[in-house]
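The numbering used here applies: residue 9 is where the sequence shown begins, and numbers increase by one. From the three backbone atoms N, C-alpha and C, an ideal C-beta is built for every residue, glycine too.
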Amino acid sequence: MSSKVFTKPSNWKEDFANKLLQILDSDGVISSPEELIAFECDGLTGYRIRPICVVFPRSTKEVSEIIKLCNRENVPFVPRGAGTGLSGGALPTEEGVVISLSRMNRILEIDIPNQRVIVEPGVVNLWVTNAISGSGYYYAPDPSSQLVCTIGGNVAENSGGVHCLKYGVTSNHVLGLEVVLPDGDVVEIGGKTLDHPGYDLVGLLVGSEGLLGIVTKVTLRILRKPESIRTVLAVFENIEEAGASVSGITARGIIPAGMEIMDNLSIRAVEEAVQAGYPVDAGAILLIELDGPTAEVEEEMSLVMEVLKENRAKEIRVAKDADERALFWKGRRSAFAAMGRISPDYYVQDGVIPRTRLAEVLSDIGKLGAKYGLRVANVFHAGDGNLHPLILYDSSKTGELGKAEELAGEILKVCVDAGGSITGEHGVGYDKKQFMSLMFSEEDLDTMHLIRCAFDSKGLCNPGKVFPTPRSCVEAGGKSYRTHSIEKAGLGERF
C-alpha cells in the first residue's frame, strides 16, 4: 500500500521465521510448502497465493507481538478464521504472513443474567448456542457454515444466516471487541452495556473485513429461546410463485424468523446429497420459519397458509417435530456443498435486491446463464432479498472459469441496477473489489480509504482487499493520503 520500497536481505524469510519462533512455540509457526497448501486460499478456491508462513497465536499478547514484528520488518499480514469465507477475504498476500486465530478458541465468560457471552475469535459459531442452550438461550446469527465458521470470521464479514431476516446480522449481536491494531497496540471498545458514548467503533470494526485490525475478544448478545417454533416447506410449480408468496407474507405484516427459496437445480443436488425430503420435480420450494409466543405463531401460521394457497402452492408441509424441522434446514444449509453432486465446480455470488424485484432479477439471471452457456442454481435468503446464485462450471474445460467470473460480474450489475448491492454477507474481499465502483464514486471510495489509513498507515493489514484500485496512504512526493483526498475534494484550508 505505501509507495516507499523496503529492501530486504536475501535471507530475510529465514530470519523472520526465527523471530516468530521467539514469540510462539515451535508448533506455532509452519513454513513448509506442503503445510502451506491448506492456507493458500479460503472458500474462494479459484485464487491461490502461498504465504511465507502461517502462525498460530494462543493469546492477545502473542497476536500483538506478531503484528509489532510485522510492522518493524514491513511484512504484510492476513488474519484468518476457519477459512470458510467466499470472497477471498483471507487470501494470503505474497511474501506475507497468515495469522490463524484457530487456537484462540475459548469461551471466556457466560453471563446468563445479562444475556452476554464473551468469546475468543476462534470459537465456532455453533459452539456458542451449544454452550448456553441448556439455560434456554441461543446465539441468533447462523450462517450456513455455522458448524465450522468462527466468530472472528463472522465479525470480519458481518455474517448473516437464514434467521437474519427477523434477528439481524452479526453487527446486531456484537456489543464489544478487543482489537489488536495494525501497529500492535491493543484496544477495547464497547462492552456488555448498550450504546457506549462516543463514536460507534464497534460498528466500524464489524464488517471491516480484517482491514482495520485483528479481533481477539468478542462480547456477544444472546437471546432467549422462543416459546414456539413452526417450520413450513411449501412446494411450487415455479420460482415466481414462491417469490410472490414471500412478498405476500411480508405484506401481511409478518416477519418470519427465516424465509428461504431453492430452485429445481438446487433441490435436485440437495436431495441427492442429504435426502432432506424435498420433491425433485418441484420448480421451487419455500422454507418459512415462524417463532415467538405460541398464540402469535398460531395466528401468523393461519395467515401464511392463506398466502401460500393464494399463490398456488402445490404442497404444504409443516414439520411435525424438531427432527423434521432440523431435516428441512439441513437441506438448505447443505446446498452449497451439494453442488458437487451435479457439477465439478461452482462459483457462488452474493448480491442483494429489493424483494419486489425478485422475479425480474431471477429472470435476468436465467437469461445471462443461457448467454454464457452455464447453469445457475439459485439458493437465497428470500425474505431480505439476499441472492446466492451458484454458477456451475468445469475448471478442466479451457475458458470456463473465465466465463463463470464474467457471468458473476454481470449478475452483480443486474443486482445494483435493480437497486441492490454487490454483497449481503459474504463481503467484498478480493473477489468483488473491482465492482465497488458500481455502487460508489471515487470520492466515496477515497473517503472510506481515509478511515483505513487512520488505522493502518503502512497498509500491511490484509492488503489488496475491498478497494478496487491501488490506493496508497502516502502519495508520490510524500503528500499524505489525507491531504491528497482533502485537496481532491476541494476542501482546502477547512481542514
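Exercise. Measure from the alpha carbon of T287 to the alpha carbon of each residue in I296, E297, I275, A281, then state which is nearest.
Key: Here residue 287 refers to the residue found at position 279 when the sequence shown is read from its first residue. Rather than Thr, the amino acid found at residue 287 in this sequence is Pro. Considering only alpha carbons, the answer is I275.
Practice problem: Take L155 and list the residues in its own chain whose beta-carbon comes closer than 6 Å to its own, dropping the five residues that flank it on each side. | Solution: One-based indexing of the sequence shown puts residue 155 at position 147. The answer, listed in chain order, is L134.
Quiz item: Would you report the Cα separation of Q283 and I115, rounded to the nearest angstrom?
Solution: Along the sequence shown, one-based indexing puts residue 283 at 275. Along the sequence shown, one-based indexing puts residue 115 at 107. So the alpha carbons of these two residues sit roughly 34 Å apart.
Self-check item: Any alpha helix (DSSP H) of 4 or more consecutive residues that is wholly inside the segment 85-136
Solution: Counting whole runs of 4 or more residues, the segment 85-136 contains no alpha helix (DSSP H) stretch at all.
Quiz item: Which runs of the beta strand (DSSP E), 3 residues or longer, sit entirely within the segment 410-477?
Solution: none
Quiz item: Mind checking whether I296 and T239 have CB atoms under 9 Å apart?
Solution: As a first step, residue 296 is located in the sequence shown; it is residue number 288 there, counting from the start. As a first step, residue 239 is located in the sequence shown; it is residue number 231 there, counting from the start. Yes, these two residues count as a Cβ contact at 9 Å.
Quiz item: Shorter than 9 Å from the beta carbon of E128 to some beta carbon of chain B?
Solution: The structure shown has no chain B; it contains just one protein chain.
Quiz item: For G89 versus P65, is the C-beta distance shorter than 9 Å?
Solution: On the sequence shown, residue 89 is found 81 positions in, with the first residue counted as 1. On the sequence shown, residue 65 is found 57 positions in, with the first residue counted as 1. No; because the gap between Cβ atoms is not below 9 Å, this pair is not in contact.
Quiz item: For the candidate residues E43, V63, L109, W20, whose alpha-carbon lies nearest to that of L29?
Solution: The residue labelled residue 29 in the question sits at position 21 within the sequence shown. Nearest C-alpha to L29: V63.
Quiz item: From what residue to what residue does the alpha helix (DSSP H) around L44 run?
Solution: Residue numbering aside, residue 44 sits at position 36 when the sequence shown is read from its first letter. Start and end: 41-44.
Quiz item: Of all the options I222, G93, S153, which has the alpha carbon lying nearest to the alpha carbon of E73?
Solution: One-based indexing of the sequence shown puts residue 73 at position 65. Measuring from the Cα of E73, the nearest candidate turns out to be I222.
Practice problem: Would you decide whether V195 is buried or exposed? Buried here means 16 or more other CB atoms lie within 10 Å of its CB. | Solution: Position 187 of the sequence shown holds residue 195. Result: exposed.
Practice problem: Would you list the one or two residues that DSSP bridges to K225? | Solution: Counted from its first residue, the sequence shown places residue 225 at position 217. Residue pairing by DSSP puts K225 in a beta bridge opposite E186.
Quiz item: Taking the alpha-carbon positions, what's the E235 to K174 distance?
Solution: Reading the sequence shown from its first residue, position 227 is the one you call residue 235. Reading the sequence shown from its first residue, position 166 is the one you call residue 174. Between E235 and K174, the C-alpha separation is close to 16 Å.
Quiz item: V136 to K405, Cα distance in whole Å?
Solution: On the sequence shown, position 128 is the one that residue 136 refers to. On the sequence shown, position 397 is the one that residue 405 refers to. Whole-angstrom Cα-Cα distance: 43 Å.
Quiz item: If G184 and I197 are in contact, beta carbons under 8 Å, what's the gap, nearest whole angstrom?
Solution: As a first step, residue 184 is located in the sequence shown; it is residue number 176 there, counting from the start. As a first step, residue 197 is located in the sequence shown; it is residue number 189 there, counting from the start. That pair is a contact at about 7 Å.
Practice problem: Look at the alpha carbon of P264 and the alpha carbon of D299, and state the distance between them as a whole number of angstroms. | Solution: Residue 264 sits at position 256 when you count from the first residue of the sequence shown. Residue 299 sits at position 291 when you count from the first residue of the sequence shown. So the two alpha carbons sit approximately 7 Å from each other.
Quiz prompt | Segment limits, beta strand (DSSP E) that includes C61 | solution = The residue given as residue 61 occupies position 53 in the sequence shown. Note, C61: beta strand (DSSP E), 61-63.
Quiz item: G437: which of C78, G161, L44 sits nearest, CA to CA?
Solution: Locating residue 437 in the sequence shown gives position 429, counting from the first residue. Taking only the C-alpha atoms, the option nearest G437 is G161.
Quiz item: Expressed to the nearest angstrom, what Euclidean distance is found between the alpha-carbon atoms of L468 and G261?
Solution: The residue labelled residue 468 in the question sits at position 460 within the sequence shown. The residue labelled residue 261 in the question sits at position 253 within the sequence shown. L468 and G261: Cα-Cα distance of roughly 47 Å.
Self-check item: Continuous alpha helix (DSSP H) stretch holding G377: start and end
Solution: For the purposes of this step, residue 377 is taken as residue 369 along the sequence shown, with counting starting at 1. Run containing G377: 366-380, per the alpha helix (DSSP H) assignment.
Quiz item: For G427, which of A98, N246, D329, G359 has the nearest alpha-carbon?
Solution: The sequence position of residue 427 within the sequence shown is 419, counting from 1. Nearest of A98, N246, D329, G359 to G427, Cα basis: G359.
Quiz item: Based on the DSSP output, what are the partners of F47 in its beta bridges?
Solution: Locating residue 47 in the sequence shown gives position 39, counting from the first residue. According to DSSP, F47 bridges with nothing at all.
Quiz item: Given 8 Å as the limit, is there contact between the segment 456-473 and the segment 77-91, that is, 3 or more CB pairs closer than that?
Solution: Cβ pair count under 8 Å is three or more, so yes.
Self-check item: alpha helix (DSSP H) segment containing K315, residue limits
Solution: Taking the first residue of the sequence shown as 1, we reach residue 315 at position 307. Looking at the sequence shown, residue 315 is not Lys but Val. Start and end: 302-318.
Quiz item: Is S34 near C61, with beta carbons less than 9 Å apart?
Solution: If you number the sequence shown from 1, residue 34 lands on position 26. If you number the sequence shown from 1, residue 61 lands on position 53. No, the pair does not count as a contact, with Cβ atoms beyond the cut-off.
Quiz item: Per DSSP, which one or two residues make a beta bridge with T239?
Solution: For this step, residue 239 is matched to residue 231 along the sequence shown. Note: T239 is bridge-paired with E297 in the DSSP secondary-structure output.
Practice problem: Measure the Cβ-Cβ separation of F443 and L409 and say whether it is below 9 Å. | Solution: By one-based count along the sequence shown, residue 443 stands at place 435. By one-based count along the sequence shown, residue 409 stands at place 401. Not in contact: F443 and L409 (Cβ atoms no closer than 9 Å).
Quiz item: Exposed or buried, which one is Y54 when buried takes at least 16 other CB atoms within 10 Å?
Solution: As a first step, residue 54 must be located in the sequence shown, where it is residue number 46. Looking at the sequence provided, one finds Gly at residue 54 rather than Tyr. It counts as exposed.
Quiz item: Of the choices S403, A416, S342, whose alpha-carbon is the least far from that of G374?
Solution: Counting from one through the sequence shown, the residue named residue 374 turns up at place 366. Closest by alpha carbon: A416.
Quiz item: Given G251, which residues of its chain have a CB within under 6 Å of its CB, disregarding the five upstream and five downstream residues?
Solution: By one-based count along the sequence shown, residue 251 stands at place 243. Excluding five sequence positions before and after G251, the CB atoms of its chain that fall closer than 6 Å to its own CB belong to L366, A367, given in chain order.
Quiz prompt | For F244, the residue or residues it bridges with in DSSP | solution = Position 236 of the sequence shown, counted from the first residue, corresponds to residue 244. According to DSSP, F244 bridges with A292.
Self-check item: Residue from C481, D452, F448, M347 with nearest C-alpha to C461
Solution: As a first step, residue 461 must be located in the sequence shown, where it is residue number 453. Ranking the options by Cα distance to C461, first place goes to C481.
Exercise. Assign K496 to buried or exposed, taking buried as 16 or more other Cβ atoms, counted over all protein chains shown, within 10 Å of its Cβ.
Key: Taking the first residue of the sequence shown as 1, we reach residue 496 at position 488. In this predicted model, K496 has a pLDDT of only 45, less than 50, meaning its place in the structure is not dependable enough to derive any value.
Quiz item: In or out: T455 buried (at least 16 other Cβ within 10 Å) or exposed?
Solution: As a working note, residue 455 is residue 447 in the sequence shown. That one is exposed.
Practice problem: Evaluate contact between the segment 114-130 and the segment 138-151, counting only Cβ atoms and requiring at least three cross-stretch pairs below 8 Å. | Solution: yes
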